[in-house]
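Notes for the one structure printed next.
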Amino acid sequence: MSPEFPGGISLAEVWQARHRIQGRADRTPLRYSPSLSRRFGARVWLKLENMQPTGAFKLRGASNMIAALLEQYGPDRLKPGVITASTGNHGRAVAWAARELGIPATVCLSSLVPANKVAAIEALGAEVCRCGNSQDDAFAVVDERVASRGQVAIPPFDHPLIVAGQGTLALELLEERPQLDMVVAGLSGGGLLGGIGLVMKQLSPRTEVVGVSLSQGAAMWHSLQAGKPVQVEEVPSLADSLGGGIGLDNRHTLALVRAVMDSHYQVPETAIARAMVTLLEQEKMLLEGAAAVGLAAIEHHRIPIEGKEVALVLSGNNVALETFERARELERQSHANL
Ligand SMILES: *Cc1c(COP(=O)(O)O)cnc(C)c1O
């Protein structure tokens, strides 16, 4: 396989990222699930990214990019600080990584971002800027500040250093389960799925790479169909971390996801709700909706995993209790309607 991969990111960059983020983002546990394994007649493993210090895998990419910038440009260039727009977890990761590296951080958040996530970012010492009603509005403010204040933008997914950082998760998966048949992950901007797929296609091509999107407002889904980045209307979801566009000027992740993803599913809210409740009841883990979409897809689409070794990426745990209650209620109603 050519080292210059679609999306322009090489496996070597993932190895560099792994070295760079050591001690900044955790190597997370891969836990066997006896109950899910029994239920599906498979060997189901859970990659616990919810156990990262910021509660989500996004710390991998953010730490990698900020540390790489510091190596490349030195502390003076980064004095104005780093800036990002985020649905929450990326902003939190940038705030954390910047603080660890002694750099000021600004986070631009749209009004759709829940209050618990805003509070978590402020608690990390970052300046929070509430701007606009969509992710795109927030991105516009980032551009403006990069131009006027010399702050350095840390994009949430569409950058080789971010994708390479997220890809380190796949190196860990293969080290522990080299015979992995399938990996299932939530898909929004494509940094996570792209990073995982980039590693799998080169180190373990037999491993099926499965992406899961929302059934409404999934910009990546529509962009893949259109063959170019398209804008879709953002819809509130239990999996709020999967909301937002992929950027009309997407340079890396759309091409990368197209090249590395083997199957793609969409999941409705009821399936997400059910998976969130199952993961709490049976695995005793409180997860956000975006982390439950893998299980939701397997259940809802009856993906055949019998006899297979499967890893589900539990991508994050930043869920408000009210959101979980909404999931519980939806799950009850869907039972009543059966
Ligand atoms: C960001 C995020 C995703 C999706 O990652 P992308 O790189 O945007 O595709 C999935 N789960 C959680 C918890 C996230 O924060």
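Heads up: the sequence shown runs through residues 1 to 338, numbered per full-length UniProt numbering. Just so you know, even glycine gets a beta-carbon here, dropped at the ideal spot from N, CA and C.
What residue range is occupied by the uninterrupted beta strand (DSSP E) comprising L198? Where L198 is concerned, there is no enclosing beta strand (DSSP E), although the alpha helix (DSSP H) it sits in stretches over G191 to L203.
DSSP bridge partner residues for G81 (one or two, in chain order): In the DSSP output, where bridge partners are listed per residue, G81 has none listed.
Best match in G211, A170, A85 and A140 for proximity to L203 [C-alpha to C-alpha]: A170
Reference R326, options A239, V310, R24 and E144, closest by Cα: A239
Since C129 sits in a beta bridge, which residues does DSSP pair it with? C108
R18: buried (16+ other C-beta within 10 angstroms of its C-beta) or exposed? buried
Assuming A93 and A62 make a contact with CB atoms under 8 Å, what is their CB distance in whole Å? 4 Å
Can you give the beta carbon distance from I66 to A98, rounded, assuming they're within the 8 Å contact cut? 6 Å
Which same chain residues end up closer than 7 Å to I246 when comparing Cβ atoms and leaving out the 5 residues on each side of it in sequence? G189, G190, A219, M220, S223, P229, T253 and L254
I need the boundaries of the beta strand (DSSP E) containing Q225, first residue and last residue. Taken as a continuous stretch (DSSP letters only), Q225 belongs to no beta strand (DSSP E), being part of the alpha helix (DSSP H) at A219 to A226.
Residue 341 versus L101, K284, T84 and Q333, residue with shortest Cα-Cα distance: Coverage of the chain is limited to positions 1 through 338, which leaves residue 341 absent and any answer about it impossible.
Along the chain, where does the alpha helix (DSSP H) that runs through H300 open and close? G289 to H300
Whole angstroms are fine: how far does the CA of A336 sit from the CA of K58? 37 Å
If you count every other CB in all the chains shown that lies within 10 Å of the CB of M1, and 16 or more means buried, which is it? For M1, the predicted structure reports a pLDDT of 43, less than 50, and the residue's modelled location is therefore unreliable. A value from the coordinates is still provided. Counting Cβ neighbours within 10 Å, M1 comes out exposed, since fewer than 16 surround it.
With DSSP run on the structure shown, which of helix, strand or coil describes E234? coil
Beta carbon of Q22: closer than 7 Å to some heavy atom of ligand 1? no
Is the CB-CB distance between A296 and A275 below 8 Å? yes
V150 - DSSP class collapsed to helix/strand/coil: Before going further, note that residue 150 is Gly rather than Val in the sequence given. It is coil, neither helix nor strand.
Tell me, to the nearest whole angstrom, how far the beta carbon of E309 is from that of R177; I am working on the premise that it is less than 8 Å. 6 Å
To the nearest angstrom, how far is it from the Cα of L46 to the Cα of A147? 42 Å
Identify whether L211 lies in helix, strand or coil by the three-state DSSP scheme. For clarity, residue 211 is Gly in the given sequence; the question names Leu instead. Of the three classes helix, strand and coil, the one that applies to G211 here is strand, per DSSP.
contact_flag[the stretch 151-167, the stretch 263-273] where n(CB pairs < 8 Å) is 3 or more: no
Endpoints, the alpha helix (DSSP H) within which E49 is located: Element bounds for E49: n/a, residue is neither H nor E.
Do you know offhand how far P3's Cα is from P205's? Its pLDDT being 49, under 50, P3 is placed unreliably by the model, and nothing is read from it.
I9 vs P114 beta-carbon contact at 8 Å: no
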